[in-house]
Amino acid sequence: MKNRLKYLDGLRGIFALSIALSHFLGGAMGWNHYPFINAYIAVDFFFILSGFVLSYVYINAFNSSKIGNTQFSLHRLARMYPLHLATLIITFLIYYFLYNDFPFSDPTYSGVANLLALQGMGMTSDWSWNDPSWSISVELWASVLVFQVLARKFNNTSLFIFSFVCYSLVINKHDSLMAAFDFSYFYLSSGFLKCIGGMALGILLFKLSSETSVAEPNSTRFSGLIDLALFAIIMVFTCINVSMPKIDSLMVVCFAFLIYRLQVRPSWMRNLIETAPLNFLGKISFSLYLIHTPIILLLGRSGSYNNLPIALRMTIFLSITFAVSYILHVVFERELYKLLKKSIDNNFPKRLKKTVPLTPAL
21 MKNRLKYLDG LRGIFALSIA LSHFLGGAMG WNHYPFINAY IAVDFFFILS GFVLSYVYIN
81 AFNSSKIGNT QFSLHRLARM YPLHLATLII TFLIYYFLYN DFPFSDPTYS GVANLLALQG
141 MGMTSDWSWN DPSWSISVEL WASVLVFQVL ARKFNNTSLF IFSFVCYSLV INKHDSLMAA
201 FDFSYFYLSS GFLKCIGGMA LGILLFKLSS ETSVAEPNST RFSGLIDLAL FAIIMVFTCI
261 NVSMPKIDSL MVVCFAFLIY RLQVRPSWMR NLIETAPLNF LGKISFSLYL IHTPIILLLG
321 RSGSYNNLPI ALRMTIFLSI TFAVSYILHV VFERELYKLL KKSIDNNFPK RLKKTVPLTP
381 AL
């Protein structure tokens, strides 16, 4: 079984939390100027991360024909869909019983699109239901339809060109990466283009890091300063209260360099990101990402809560979100994935059972 990439867990947790804070603060302060206004870029990190981690977990099994497309696709479905469905149902119950209305157009159509995980594929034209799940939609379909082709058939140069073209198409249409639902080119949504572009970049980073000798810790004494600088640039962009869409593509470059460097240049910065609190945050990040919007909706129906100072409201929101995310991860997300994955693998030759570890990829 492959070891978990704990530094990626830490980064995943940080960026999932930044999105939750962005949605909370935007709702509380207005959607024009608020801290974490640029946290949308974290989703592009998730797409790159997905390509990297899926390559780390599966690429050798693909190349040795120890796992096929059907088994891999079922793994991805088992990993991503149950929590999406559970939080979709929770969101429906909140809107139906507490709001008595659905504040978005055509809830029946968008509901079906969400059930089929098509909401990010251009099947809906606006935010609806559990808003963050649009990225789960495109990532699920990208991993099933595109990942194996990119990982097995594309060389490093082709991966770079493919990624560059995908990002360029989105930026050409929107002047930024702040895009998700619209059909762009060849009936592909901007969100899907970003996802497959990021996934290709993640695969490229994995292949490059696999071809690079990992530096000895003693030779990377000052390497952590470079990693810290990259991380600081990303976090300043993410956390400020001024929208800066014109430079968001530069964050993709920073993401790529940071992931690559942390993989091949172990440093004190990597050790810091691997600490227990951030590792914990990374483990619950998928649950946190999908449950925070229902919690915002639920708290929003409390008049006494809405009258509290914003700092206290944020403290309550984060406390509840961390607690619920942990419970959801331990009781539902993790255990159900293990159960479903075991059931899937039992229907394939026994020699495959231990070829693919349980390392989850968001």
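For the sequence shown, counting from 1, position 358 maps to 378 in the working numbering; every step adds exactly one. Backbone N, C-alpha and C define an ideal beta-carbon position, used for all residues, glycine too.
- Nearest neighbour of LEU179 by Cα position, chosen from LEU221, SER153, PRO152, turns out to be LEU221.
- Annotated three-state conformation of ARG333 is helix, per DSSP.
- Counting only residues of its own chain and dropping the five nearest sequence neighbours on each side, THR341 has a CB closer than 8 Å to the CB of ALA40, LEU308, ILE311, HIS312, ILE315.
- Following the DSSP letters along the chain, one finds LYS303 inside the alpha helix (DSSP H) bounded by residues 296-303.
- Under the Cβ criterion (8 Å, minimum of three pairs), the region 327-347 counts as touching the region 40-56.
- Distance from the CA of PHE67 to the CA of GLU159, rounded to the nearest whole angstrom, comes to 7 Å.
- Here SER125 has ASP146 as same chain residues with Cβ atoms under 7 Å from its own Cβ, once five neighbours each way along the sequence are excluded.
- Closest by C-alpha distance to TYR76, out of THR128, LEU28, TRP161, ALA106, is LEU28.
- Annotated as proximal: ALA171 and ILE79, with beta-carbon spacing under 9 Å.
- Boundaries of the alpha helix (DSSP H) around THR107: 89-114.
- ALA343 has its alpha-carbon roughly 12 Å from the corresponding atom of SER305.
- CA-to-CA, the gap between ILE87 and ARG96 works out to about 13 Å.
- At a Cβ-Cβ threshold of 9 Å, GLY218 and SER183 count as neighbours.
- By alpha-carbon distance to LEU278, the top candidate from VAL262, MET264, MET255 is MET255.
- Shown here for ASP247: same chain residues with a beta carbon closer than 8 Å to its own, the five before and five after excluded, namely LEU278, ARG281, LEU282, ARG285, SER287, MET289, ARG290 in chain order.
- Here PHE82 has GLN168, ALA171, ARG172 as same chain residues with Cβ atoms under 7 Å from its own Cβ, once five neighbours each way along the sequence are excluded.
- Between the region 190-199 and the region 125-139 there are fewer than three C-beta pairs closer than 8 Å, too few to call the two in contact.
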